[in-house]
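Just add 14 to the spot in the sequence shown (first one is 1) and you have the working numbering. Virtual Cβ for every residue (Gly too), placed ideally from N, Cα, C. For reference, the structure discussed in these notes is given below.
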Amino acid sequence: MIIEATDHDGQICYIATEISFTTDERDTRRAIRNAAFLTWFTGKLAYVVVAGMSKDERIQGIIESGDVFWYQLESEDLELE
């Protein structure tokens with residue numbers, strides 16, 4: 015999922031998001047790649063987000079580095095309205 019947003023300075027930016035039940039290294043690499051493509055083609059900053067019900071602990075280091083943002087989904091997030 016790609017989201018167009020504005021940053022704290024009002025500048026257009028993008029959020030490259032990968033969503034999986036269990037977020038792993040593959041999801042993380044894909045989100046990083048997509049953010050790089052967005053920056054390359056638009057010239058705008060692109061943030062990297064991975065989201066899921068749980069995460070593979072092997073991605074903890076890159077999350078702690080601040081290069082990738084993690085969002086934990088709750089079961090309520092997956093319910094249909």
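Following the DSSP letters along the chain, one finds I77 inside the alpha helix (DSSP H) bounded by residues Q74 to S79.
Contact between the region 47–59 and the region 85–95 is absent, with fewer than three C-beta pairs closer than 8 angstroms.
Judged by DSSP secondary structure, F83 falls within the beta strand (DSSP E) whose first and last residues are F83 to Q86. Distances from the alpha-carbon of D70 to those of S34, A30 and N48 put S34 closest. In the three-state reduction of the DSSP assignment, E18 falls in the strand class, which pools E and B. E93 carries a coil assignment under DSSP once its states are collapsed to helix, strand and coil. With contacts defined by Cβ atoms closer than 8 angstroms, V63 and T31 form a contacting pair.
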